[in-house]
Structures are given as C-alpha cells and as structure tokens.
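Read the structure below first, then the notes.
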Amino acid sequence: MTTTYTFDVFCSLDGYGAAGADWTGYWGKQGPELLDRRLAEYGGEQRMVFGAQTYRAFARMLAAGSEQQVLDPWVTRMRHLPATVVSTTLEAPLDWPDATVVAGDAVDVVARLKEESDVPLRSHGSLSMNRALMAAGLVDRLQVTIFPVITGRTGLDPVFRGAADFDLELTESRVLDHHIQELVYRPTLH
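Add 1432 to the 1-based position in the sequence shown for the numbering used here, that's all there is to it.
What follows is the structure, encoded as structure tokens:
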C-alpha cells in the first residue's frame, strides 16, 4: 500500500516562499488560528522529508531560535517528528532528534518511502525537490498557505519557478485569522 505525500509550502500572493528587506517570518501575518491549525497538522504521526538546503535552513533557524526566541509549537513538533533528509552532501549524525540521511535521487528515495512507510509523508519547503516530485507524480497533496502580501521587489525563492505544468483539483480550503488562505490541491501533470 502506498502512503500519501504532502508538499506543504508557505508563499506570498505573488508566489514567493520568502522575502528579504524588513519582512519578518510568516511575513508578520500569523495569528492564533494559523498557529493552532499548523500544530494540528503536525500533531499526527507522519514522517518529514527534506532536501539538504531546507534541512540546513531549518537547522540554522532552530539553533538560533532556541537561544533567541521561543519557537512556535508547530515548529517544535515538526522538529520532533522522524525525518528523512535526501542529500548527497550531508552525513549523519544530523542535528535533528530522529533524522536519517539518504543519498540518492529524491524521486527514487520518495517513491521507495511511499511504498514502505506506515505513516503519511510531509515536506515543508524543499522547493526544487518537491517540484521534481510533483513532475514524477509522487505528490498527492499540495498544501499552499498564502499570506496576504506581495513581495515583488524583495521576494525570494519563487515556489513554482521552473515547475512543470499542472492541473489542480481543489480538495480543501479555509481562511485563517481572516486573511490567510490555506488551499489543498490534488496535482496532476497537464
């Protein structure tokens, strides 16, 4: 039996995964509904899947956050979920409580994980890896959380730059904190 794989991503209205300049995390728009929803999303059993770049970014953020700020509970929960990091450059042990490094092509690694895993798989971020997984038909759920900002001049990490063309079937939608949209799609190659 094959488990589900969710590509979970935050973005601005114009499709950027982050921004420079004076934007803060979540573009400064998070509220209690978003944070509660995120904690619920990460509350069940699941395995995280990261590419090397995203793992490194989370590891830096979490190392800095542990000394400078209190992390949001969903981020703390995510860090304590089992994780697979797909990388040809990283080596174990990783600074993550239950992480395994797997070398190889992400498409092959995730295809195998989908066949072998007893729990759903989820990836937050890992943009280039997840674009490749979508093109290979391995992403069952595309969960896009859109924050009410346009970062045209300062946007970083275009979420779908270079992606294949997809038809999207909307399976869930909700508005959080009166201005953040969470959209869940079933993607299929166009």
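Yeah, the Cβ is synthetic: ideal placement off N, Cα and C, and Gly gets one too. As the structure is a computational prediction, the values presented were derived from the model and not from experiment.
- Within the same chain, P1529 come within 7 angstroms of H1512 by CB-CB distance, once the 5 residues on both sides are set aside.
- In this structure, D1550 is the residue among K1461, D1550 and E1523 with its C-alpha nearest to the C-alpha of G1476.
- The C-alpha of G1463 is placed about 32 angstroms away from the C-alpha of L1570.
- According to DSSP, L1615 shares a beta bridge with V1576 and S1605.
- Bounds of the alpha helix (DSSP H) holding L1471 are P1464 to E1473.
- L1574 and Q1478 have their C-alpha atoms spaced approximately 16 angstroms apart.
- Of all C-beta pairs linking the region 1553-1572 to the region 1435-1450, three or more are shorter than 8 angstroms, placing the two stretches in contact.
- For G1483, the number of other beta carbons within 10 angstroms of its own is at least 16, and it is reported as buried.
- If you draw a straight line from the Cα of P1525 to the Cα of V1534, it comes to about 12 angstroms.
- When secondary structure is reduced to three states using DSSP, R1593 falls in the coil class, being assigned neither helix nor strand.
- Here DSSP, grouped into helix, strand and coil, assigns R1544 to helix.
- Rounded to the nearest angstrom, the Cβ distance from L1588 to G1452 is 6 angstroms, consistent with a contact under 8 angstroms.
- Ranked by Cα distance from E1604, the first of V1591, T1486, V1542 and V1576 is V1576.
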